[in-house]
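Numbers 761 to 987, taken from the numbering used here, label the letters of the sequence shown in order.
Below: one structure, written as structure tokens.
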Amino acid sequence: MQLTAALLLLAAAAAEAHYTFPSIEKTSEWQYVRQAANFQSNGPVTDVKSEAIRCYQRAPGAEGAGIYNVTAGQTITYNAKASITHPGPMSFYIAKAPDGETAATFDGKGKVWSKIYQDHPTIGTGMVWPAQGATGVKVQIPKCLHDGDYLLRAEHIGLHSAGSAGGAQFYISCAQIRVSGGSGTYAPKNLVSFPGAFEATDPGIMLNIYYPVPKTYTPPGPAAETC
């Protein structure tokens, strides 16, 4: 009985250390964000070759989320629950729904994703990560986007145990947004797919962030696009 209780406490502590990205702005959880498979466990994706690396959806094809209206150039907050506890980089990607589909029906497959936001650590005697401890991260929707429906993918990579392949922890979700007022000139240079964008041994994914402290750090994936 004592061992069982101890294991339950350890499992609860692990869940508390993990997190989800369940909402944007001041909306309800999973109202405009596709419910992630970790909505109860808070556990991460660790296999960069799995389909879960795209949106980590609980029920692909039956997302049930609504579509949130935004204006191109608007800055929105993507909320974490309860906070981003682990060290590592934060990024956002977008993918436009093709003609005949909406953000609610688009599966996000193929080389359709472009990065619109990427943070970087400050490096000294250690690595200080901008998003660590945050309960939400602000991202600007590019003012040059074409009007239409998009998936907005939030990705935080926990690097606290990333010294071997498969050790990095990906915390992911996808919001469904409808963009208006864009200039329509967005022409991304680097489109990627999920899975496909990463290898488990990429230097920004597999590394020891503690000792020796890296002198530089380059996040995985493409560079963030600009208008």
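Idealized CB from N, CA, C, for every residue including glycine.
- A distance below 6 Å between beta-carbons, with the five flanking residues on each side excluded, links P782 to the following residues of its chain, in chain order: E789, W790, V793, K841.
- A Cβ-Cβ separation of about 6 Å places H916 in contact with G848 under the 8 Å criterion.
- The distance from the Cβ of Q929 to that of T806 is about 6 Å, consistent with a contact at the 8 Å cut-off.
- Runs of the beta strand (DSSP E) lying entirely within the segment 901-972 and spanning at least 3 residues, in chain order: 908-918, 929-940.
- Membership of A855 in any alpha helix (DSSP H) is not indicated; the residue belongs instead to the beta strand (DSSP E) covering 850-856.
- Pairing A864 with I827 gives a Cβ-Cβ distance under 7 Å.
- DSSP places I813 in the helix class (H, G or I) of the three-state scheme.
- Where A777 is concerned, the enclosing alpha helix (DSSP H) starts and stops at 762-777.
- By the criterion of at least three beta-carbon pairs nearer than 8 Å, the segment 905-919 is in contact with the segment 934-951.
- Residue environment for Q878: buried (at least 16 other C-beta atoms within 10 angstroms of its C-beta).
- Between V899 and V830, the C-beta spacing is not below 7 Å.
- Annotated as proximal: R814 and F954, with beta-carbon spacing under 7 Å.
- The beta carbon of L951 is closer than 7 Å to those of K871, V872, W873, S874 in its chain, skipping five residues each way along the sequence.
- When the five nearest sequence neighbours on each side are left out, the beta carbons in the same chain lying within less than 6 Å of the beta carbon of Y853 are those of W873, K875, R913, in order along the chain.
- DSSP, reduced to helix, strand and coil, places I883 within a strand of the structure shown.
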